[in-house]
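Right under this line is the structure:
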């Protein structure tokens with residue numbers, strides 16, 4: 001081989017090396033680089049949803065928020081102010097207890113490693129929580145009866161509408177990334 005042919009082959013080899021190094025690595029398809037997943041994947045992976053993201057909002061919290069927003073419209077007479085405030089306070093207690101119960105169900109506390117599981121203590125705590133929940137609901141029911149006696153039909157309808165809006169089953173999801181339900 002002559003020197004001219006050797007120079008030409010070396011130049012072609014260098015040109016091929018430059019072109020090859022400029023291309024995306026992996027050959028995973030257009031615009032995809034190494035580590036982007038299999039060739040059939042569409043776009044980057046979606047982040048996983050946490051349990052909190054999958055749970056519907058707490059209806060007690062929603063009802064409390066709606067009633068708090070409507071509180072000014074619920075008290076047209078001075079004798080209604082104290083009754084509505086008592087009702088809202090009882091509803092606040094119920095929604096806080098509901099949030100605590102939801103937190104305990106989704107993120108249960110681990111027993112201390114030195115003690116291990118004490119089923120008796122755990123059941124006693126559950127019974128105490130249930131008793132506090134029952135007392136809060138009974139107080140809310142009493143406050144509702146007192147408010148119902150003082151409020152006129154339109155004001156009661158506002159409270160009942162807030163209840164229905166908070167406790168109605170959610171409509172179909174608008175999230176297109178969620179799997180279709182059969």
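In the UniProt record's numbering, the protein residues as written are 1 to 182. Backbone N, C-alpha and C define an ideal beta-carbon position, used for all residues, glycine too.
Proximity below 8 Å, CB of residue i to CB of residue j
{"i": "residue 211", "j": "residue 137", "result": "Nothing about residue 211 can be read from this structure; the chain reaches only from 1 to 182."}
{"i": "residue 60", "j": "residue 95", "result": "yes"}
{"i": "residue 67", "j": "residue 162", "result": "yes"}
Nearest-angstrom beta carbon gap, residue j and residue i [assumed within contact, 8 Å]
{"i": "residue 158", "j": "residue 86", "result": "With 8 Å as the limit, residue 158 and residue 86 do not qualify as a contact, their Cβ atoms being about 17 Å apart."}
{"i": "residue 63", "j": "residue 130", "result": "That belief does not hold up - the Cβ atoms of residue 63 and residue 130 are roughly 21 Å apart, past 8 Å."}
{"i": "residue 99", "j": "residue 58", "result": "6 Å"}
{"i": "residue 91", "j": "residue 140", "result": "6 Å"}
Cβ-based neighbour list, residue i, same chain, cut-off 6 Å, excluding 5 preceding and 5 following
{"i": "residue 133", "result": "97"}
{"i": "residue 7", "result": "none"}
{"i": "residue 146", "result": "83"}
Same chain only: Cβ atoms within 8 Å of residue i, ignoring 5 sequence neighbours per side
{"i": "residue 169", "result": "none"}
{"i": "residue 148", "result": "156"}
Residue i versus the options, residue with shortest Cα-Cα distance
{"i": "residue 76", "options": "164, 160 and 156", "result": "156"}
{"i": "residue 102", "options": "71, 56 and 72", "result": "56"}
{"i": "residue 135", "options": "93, 160 and 124", "result": "93"}
{"i": "residue 196", "options": "71, 54 and 160", "result": "With the chain covering 1 to 182 only, the question about residue 196 has no answer from this structure."}
Beta-carbon contacts of residue i that lie in its chain and below 7 Å, excluding the five residues immediately before and after
{"i": "residue 73", "result": "158"}
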